[in-house]
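Colleague: Before I ask anything, let me first share the structure, which is written out below as C-alpha coordinates.
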Amino acid sequence: MNAALFFNLLLNGVIEGLIIGLAALALNLVFAVARFPNTATGDIMTVGAYAGIAVQGLGISSTVLQMLAAVVVCMALCVVLYRLVFRRLQGRSMLAVLLASIGLAFIIRAAVFLIAGPEQRVFQIPLQRAIDIGGVALQPSMLWLAVTAFGCMAVVFAVLFLTPIGRRMRAVADNRALARTSGIDVDRVMVALWLLTGAVCGVAGMVLGINTVVMPENGWNILLPAFAAAVLGGVGSPVGAIVAGLALGIVQELSTPFVGFTYKIALSFVALIVILAIRPRGLFGAAVKVR
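Numbering-wise (our numbering), the sequence shown opens with residue 793 and increments by one.
As C-alpha coordinates, then:
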(Lines of atoms letter the chains of each structure in order from A and count residues from 1; the text may use other names and numbers.)
(Lines give C-alpha, C1' and ligand atoms only; values in the text may rest on other atoms or scores of the structure.)
Protein backbone atom coordinates (compact mmCIF):
# COMPACT_ATOMS: atom_id res chain seq x y z
CA MET A 1 0.00 0.00 0.00
CA ASN A 2 1.55 3.31 -1.08
CA ALA A 3 1.28 6.51 0.93
CA ALA A 4 -1.34 8.14 -1.33
CA LEU A 5 -3.67 5.13 -1.08
CA PHE A 6 -3.13 4.96 2.67
CA PHE A 7 -4.08 8.58 3.24
CA ASN A 8 -7.08 8.36 0.88
CA LEU A 9 -8.34 5.35 2.81
CA LEU A 10 -7.63 7.17 6.06
CA LEU A 11 -9.73 10.16 4.96
CA ASN A 12 -12.58 7.87 3.90
CA GLY A 13 -12.26 6.09 7.24
CA VAL A 14 -12.55 9.36 9.14
CA ILE A 15 -15.78 10.25 7.32
CA GLU A 16 -17.21 6.76 7.83
CA GLY A 17 -16.07 6.86 11.45
CA LEU A 18 -17.79 10.19 12.03
CA ILE A 19 -21.05 8.77 10.68
CA ILE A 20 -20.74 5.73 12.93
CA GLY A 21 -19.76 8.00 15.81
CA LEU A 22 -22.82 10.22 15.36
CA ALA A 23 -25.14 7.20 15.31
CA ALA A 24 -23.39 5.76 18.37
CA LEU A 25 -23.65 9.15 20.09
CA ALA A 26 -27.43 9.12 19.57
CA LEU A 27 -27.58 5.60 20.99
CA ASN A 28 -25.50 6.52 24.03
CA LEU A 29 -27.44 9.69 24.77
CA VAL A 30 -30.62 7.66 25.15
CA PHE A 31 -28.97 4.84 27.04
CA ALA A 32 -27.19 7.17 29.47
CA VAL A 33 -30.45 8.79 30.59
CA ALA A 34 -33.33 6.49 29.59
CA ARG A 35 -31.36 3.27 30.19
CA PHE A 36 -32.31 1.30 27.08
CA PRO A 37 -30.74 0.74 23.64
CA ASN A 38 -32.89 2.51 21.06
CA THR A 39 -32.74 0.26 18.01
CA ALA A 40 -34.92 2.71 16.08
CA THR A 41 -32.01 5.17 15.95
CA GLY A 42 -30.88 4.10 12.47
CA ASP A 43 -34.35 4.36 10.99
CA ILE A 44 -34.84 7.80 12.53
CA MET A 45 -31.64 8.78 10.70
CA THR A 46 -33.19 7.45 7.48
CA VAL A 47 -36.24 9.65 7.99
CA GLY A 48 -33.93 12.63 8.34
CA ALA A 49 -32.19 11.84 5.06
CA TYR A 50 -35.53 11.55 3.27
CA ALA A 51 -36.63 14.86 4.77
CA GLY A 52 -33.57 16.42 3.14
CA ILE A 53 -34.42 14.70 -0.16
CA ALA A 54 -37.98 16.05 0.08
CA VAL A 55 -36.68 19.60 0.47
CA GLN A 56 -34.38 19.03 -2.51
CA GLY A 57 -37.43 17.87 -4.48
CA LEU A 58 -39.05 21.25 -3.82
CA GLY A 59 -36.23 22.86 -5.78
CA ILE A 60 -34.28 24.02 -2.72
CA SER A 61 -30.64 23.23 -3.41
CA SER A 62 -29.21 24.62 -0.18
CA THR A 63 -27.64 21.77 1.77
CA VAL A 64 -27.94 23.84 4.95
CA LEU A 65 -31.72 24.13 4.53
CA GLN A 66 -31.95 20.42 3.73
CA MET A 67 -29.96 19.67 6.89
CA LEU A 68 -32.22 21.96 8.91
CA ALA A 69 -35.31 20.16 7.61
CA ALA A 70 -33.77 16.80 8.52
CA VAL A 71 -33.00 17.99 12.05
CA VAL A 72 -36.47 19.45 12.63
CA VAL A 73 -38.26 16.35 11.31
CA CYS A 74 -36.12 13.97 13.38
CA MET A 75 -36.57 16.07 16.52
CA ALA A 76 -40.33 16.04 16.04
CA LEU A 77 -40.35 12.29 15.35
CA CYS A 78 -38.30 11.54 18.47
CA VAL A 79 -40.60 13.58 20.70
CA VAL A 80 -43.65 11.84 19.23
CA LEU A 81 -42.08 8.42 19.84
CA TYR A 82 -41.27 9.40 23.41
CA ARG A 83 -44.74 10.77 24.12
CA LEU A 84 -46.63 7.90 22.51
CA VAL A 85 -44.43 4.93 23.39
CA PHE A 86 -41.35 5.33 25.55
CA ARG A 87 -42.87 7.50 28.28
CA ARG A 88 -45.62 4.93 28.74
CA LEU A 89 -43.00 2.21 29.17
CA GLN A 90 -41.04 3.96 31.91
CA GLY A 91 -40.56 1.61 34.82
CA ARG A 92 -40.82 -1.47 32.62
CA SER A 93 -37.90 -3.83 32.09
CA MET A 94 -35.19 -2.85 29.64
CA LEU A 95 -36.15 -5.88 27.53
CA ALA A 96 -39.71 -4.61 27.13
CA VAL A 97 -38.53 -1.17 25.99
CA LEU A 98 -35.93 -2.75 23.70
CA LEU A 99 -38.60 -4.86 22.00
CA ALA A 100 -40.78 -1.77 21.60
CA SER A 101 -37.92 0.10 19.93
CA ILE A 102 -37.32 -2.85 17.58
CA GLY A 103 -40.99 -2.78 16.62
CA LEU A 104 -40.84 0.97 16.01
CA ALA A 105 -37.77 0.50 13.81
CA PHE A 106 -39.68 -1.92 11.57
CA ILE A 107 -42.71 0.37 11.48
CA ILE A 108 -40.63 3.41 10.50
CA ARG A 109 -38.78 1.46 7.81
CA ALA A 110 -42.03 0.10 6.37
CA ALA A 111 -43.52 3.60 6.33
CA VAL A 112 -40.49 4.92 4.45
CA PHE A 113 -40.86 2.11 1.90
CA LEU A 114 -44.54 2.89 1.41
CA ILE A 115 -44.11 6.65 1.11
CA ALA A 116 -40.78 6.98 -0.72
CA GLY A 117 -40.47 3.60 -2.45
CA PRO A 118 -37.41 1.35 -2.61
CA GLU A 119 -35.50 3.45 -5.16
CA GLN A 120 -32.17 4.96 -4.24
CA ARG A 121 -32.01 8.76 -4.12
CA VAL A 122 -28.97 11.02 -4.22
CA PHE A 123 -28.28 14.53 -3.03
CA GLN A 124 -27.36 16.86 -5.87
CA ILE A 125 -24.08 18.23 -4.55
CA PRO A 126 -22.32 20.69 -6.91
CA LEU A 127 -19.16 19.20 -8.39
CA GLN A 128 -15.99 20.82 -7.14
CA ARG A 129 -12.37 20.19 -8.00
CA ALA A 130 -10.61 17.97 -5.49
CA ILE A 131 -7.81 19.51 -3.44
CA ASP A 132 -4.57 17.65 -4.13
CA ILE A 133 -2.32 17.42 -1.08
CA GLY A 134 0.77 15.36 -1.84
CA GLY A 135 -1.15 12.97 -4.08
CA VAL A 136 -4.08 12.73 -1.66
CA ALA A 137 -7.36 13.86 -3.23
CA LEU A 138 -9.43 15.76 -0.67
CA GLN A 139 -12.97 16.39 -1.87
CA PRO A 140 -14.45 19.68 -0.59
CA SER A 141 -17.67 17.79 0.14
CA MET A 142 -15.77 15.43 2.46
CA LEU A 143 -14.32 18.42 4.30
CA TRP A 144 -17.80 19.90 4.65
CA LEU A 145 -19.17 16.61 6.00
CA ALA A 146 -16.35 16.35 8.53
CA VAL A 147 -16.85 19.94 9.73
CA THR A 148 -20.61 19.34 10.01
CA ALA A 149 -20.17 16.13 12.01
CA PHE A 150 -17.60 17.67 14.36
CA GLY A 151 -19.80 20.75 14.73
CA CYS A 152 -22.76 18.59 15.71
CA MET A 153 -20.66 16.77 18.29
CA ALA A 154 -19.40 20.08 19.70
CA VAL A 155 -22.97 21.36 20.07
CA VAL A 156 -24.01 18.19 21.89
CA PHE A 157 -21.15 18.49 24.36
CA ALA A 158 -21.87 22.19 24.85
CA VAL A 159 -25.49 21.35 25.68
CA LEU A 160 -24.50 18.53 28.04
CA PHE A 161 -21.78 20.35 29.97
CA LEU A 162 -22.42 24.09 29.58
CA THR A 163 -26.19 24.50 29.92
CA PRO A 164 -28.67 24.06 32.80
CA ILE A 165 -30.69 21.47 30.86
CA GLY A 166 -27.50 19.51 30.23
CA ARG A 167 -26.72 19.47 33.94
CA ARG A 168 -30.25 18.23 34.61
CA MET A 169 -29.81 15.49 32.02
CA ARG A 170 -26.64 14.32 33.73
CA ALA A 171 -28.37 14.45 37.12
CA VAL A 172 -31.22 12.28 35.83
CA ALA A 173 -28.69 9.90 34.27
CA ASP A 174 -26.88 9.56 37.61
CA ASN A 175 -29.96 9.07 39.80
CA ARG A 176 -33.46 9.68 38.49
CA ALA A 177 -35.19 9.36 41.86
CA LEU A 178 -32.79 11.78 43.54
CA ALA A 179 -33.12 14.21 40.64
CA ARG A 180 -36.91 14.17 40.97
CA THR A 181 -36.64 14.67 44.74
CA SER A 182 -34.36 17.65 44.10
CA GLY A 183 -37.13 19.33 42.12
CA ILE A 184 -35.99 18.49 38.59
CA ASP A 185 -38.85 18.05 36.12
CA VAL A 186 -37.82 14.65 34.77
CA ASP A 187 -40.41 14.65 31.98
CA ARG A 188 -39.13 17.97 30.66
CA VAL A 189 -35.58 16.63 30.81
CA MET A 190 -36.63 13.56 28.84
CA VAL A 191 -38.27 15.71 26.17
CA ALA A 192 -35.05 17.73 25.89
CA LEU A 193 -33.07 14.49 25.66
CA TRP A 194 -35.19 13.25 22.76
CA LEU A 195 -34.98 16.61 21.02
CA LEU A 196 -31.19 16.47 21.28
CA THR A 197 -31.14 12.86 20.10
CA GLY A 198 -33.36 13.75 17.16
CA ALA A 199 -31.04 16.58 16.15
CA VAL A 200 -28.07 14.20 16.16
CA CYS A 201 -30.03 11.65 14.11
CA GLY A 202 -31.00 14.31 11.58
CA VAL A 203 -27.40 15.41 11.06
CA ALA A 204 -26.17 11.80 10.97
CA GLY A 205 -28.80 10.80 8.42
CA MET A 206 -27.90 13.71 6.14
CA VAL A 207 -24.16 13.08 6.40
CA LEU A 208 -24.71 9.39 5.62
CA GLY A 209 -27.01 10.19 2.70
CA ILE A 210 -24.64 12.74 1.18
CA ASN A 211 -21.66 10.44 1.59
CA THR A 212 -23.44 7.46 -0.02
CA VAL A 213 -27.01 7.29 -1.29
CA VAL A 214 -30.40 7.56 0.36
CA MET A 215 -32.43 4.37 0.62
CA PRO A 216 -34.79 2.86 3.21
CA GLU A 217 -32.12 0.46 4.53
CA ASN A 218 -29.56 3.19 5.26
CA GLY A 219 -30.22 3.38 8.97
CA TRP A 220 -30.50 -0.37 9.41
CA ASN A 221 -27.13 -0.88 7.71
CA ILE A 222 -25.38 1.60 10.02
CA LEU A 223 -27.06 0.34 13.20
CA LEU A 224 -24.78 -2.65 13.82
CA PRO A 225 -21.50 -0.67 13.52
CA ALA A 226 -23.09 2.04 15.67
CA PHE A 227 -23.95 -0.46 18.39
CA ALA A 228 -20.41 -1.82 18.16
CA ALA A 229 -19.01 1.70 18.63
CA ALA A 230 -21.39 2.38 21.52
CA VAL A 231 -20.27 -0.80 23.29
CA LEU A 232 -16.60 -0.36 22.43
CA GLY A 233 -16.52 3.22 23.67
CA GLY A 234 -18.41 2.36 26.83
CA VAL A 235 -22.18 2.12 27.03
CA GLY A 236 -23.60 5.49 28.05
CA SER A 237 -20.37 7.40 27.28
CA PRO A 238 -20.79 10.10 24.58
CA VAL A 239 -17.03 10.61 24.33
CA GLY A 240 -16.46 6.88 23.98
CA ALA A 241 -19.06 6.64 21.21
CA ILE A 242 -17.25 9.22 19.09
CA VAL A 243 -13.75 7.87 19.68
CA ALA A 244 -14.84 4.27 19.03
CA GLY A 245 -16.82 5.29 15.94
CA LEU A 246 -13.76 6.98 14.46
CA ALA A 247 -11.59 3.98 15.32
CA LEU A 248 -13.99 1.49 13.72
CA GLY A 249 -14.42 3.60 10.59
CA ILE A 250 -10.67 3.94 10.10
CA VAL A 251 -10.04 0.24 10.77
CA GLN A 252 -12.72 -0.75 8.27
CA GLU A 253 -11.38 1.45 5.49
CA LEU A 254 -7.69 0.66 6.02
CA SER A 255 -8.47 -3.07 5.98
CA THR A 256 -10.38 -2.93 2.68
CA PRO A 257 -7.35 -3.63 0.39
CA PHE A 258 -6.53 -6.71 2.44
CA VAL A 259 -9.90 -8.29 3.26
CA GLY A 260 -12.19 -6.68 0.67
CA PHE A 261 -15.38 -4.69 1.11
CA THR A 262 -17.42 -7.70 2.23
CA TYR A 263 -15.31 -8.58 5.25
CA LYS A 264 -14.13 -5.18 6.46
CA ILE A 265 -17.03 -4.87 8.92
CA ALA A 266 -16.20 -8.30 10.34
CA LEU A 267 -12.64 -7.15 11.01
CA SER A 268 -13.88 -4.21 13.07
CA PHE A 269 -15.86 -6.63 15.20
CA VAL A 270 -12.74 -8.71 15.73
CA ALA A 271 -11.12 -5.54 17.09
CA LEU A 272 -14.20 -4.99 19.25
CA ILE A 273 -13.99 -8.48 20.76
CA VAL A 274 -10.27 -8.15 21.46
CA ILE A 275 -10.65 -4.79 23.21
CA LEU A 276 -13.67 -5.94 25.23
CA ALA A 277 -11.70 -8.99 26.34
CA ILE A 278 -9.15 -6.57 27.81
CA ARG A 279 -11.59 -3.86 28.96
CA PRO A 280 -15.08 -5.38 29.41
CA ARG A 281 -16.67 -1.98 30.07
CA GLY A 282 -15.24 -0.44 26.90
CA LEU A 283 -12.70 2.31 26.43
CA PHE A 284 -14.52 4.94 28.51
CA GLY A 285 -17.16 2.84 30.22
CA ALA A 286 -18.15 2.75 33.86
CA ALA A 287 -20.47 0.46 35.75
CA VAL A 288 -24.05 1.05 34.64
CA LYS A 289 -27.10 0.10 36.64
CA VAL A 290 -30.08 -0.96 34.54
CA ARG A 291 -33.63 -1.69 35.53
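Ideal Cβ positions, reconstructed from N, Cα and C, are used throughout, including at glycine.
Put L850 into one of helix, strand or coil per three-state DSSP.
Modeller: coil
Colleague: How long is the line joining the alpha carbons of C944 and G1028, rounded to whole angstroms?
Modeller: Their Cα atoms are separated by approximately 18 Å.
Colleague: Using a C-beta cutoff of 9 Å, does L860 count as contacting chain C?
Modeller: The displayed structure is made up of one protein chain only, and chain C is not part of it.
Colleague: Does the stretch 802 to 820 come within contact of the stretch 1030 to 1037, defined as at least 3 CB pairs closer than 8 Å?
Modeller: yes
Colleague: Would you grab the beta carbon distance between V822 and T989 for me? Rounded to a whole angstrom, and I think it's under 8 Å.
Modeller: 6 Å
Colleague: Comparing alpha-carbon positions, which option in I917, A965 and A938 lies nearest F828?
Modeller: A965
Colleague: Any idea what DSSP makes of V928, helix, strand or coil?
Modeller: strand
Colleague: Out of P956, P1049, R1073 and R1071, which one is the CA nearest neighbour of N800?
Modeller: P1049
Colleague: Rounded to a whole number of angstroms, what is the C-alpha to C-alpha distance between L1015 and R879?
Modeller: 23 Å
Colleague: Report the residue ranges of all beta strand (DSSP E) runs contained in full by the stretch 848 to 936; include only those spanning at least 3 residues, in chain order.
Modeller: Fully enclosed beta strand (DSSP E) runs of 3 or longer: 923 to 925 and 928 to 930.
Colleague: Output needed for W986: all residues of its chain with C-beta closer than 6 Å, excluding positions within five of it in sequence on either side, in chain order.
Modeller: C870, V871 and Y874
Colleague: With S1029 as the anchor, note down where its alpha helix (DSSP H) starts and where it stops.
Modeller: Neither: S1029 is in no alpha helix (DSSP H) and is coded neither H nor E.
Colleague: Tell me which same chain residues have a C-beta within less than 6 Å of the C-beta of A824, skipping the five on either side of it?
Modeller: Result list for A824: A965 and G1028, in chain order.
Colleague: Given this structure, state the Cα-to-Cα distance separating F942 from Q920, to the nearest angstrom.
Modeller: 22 Å
Colleague: Going by beta carbon distance, what residues of the same chain come within less than 6 Å of M867, once the five residues before and after it are set aside?
Modeller: L987, G990 and A991
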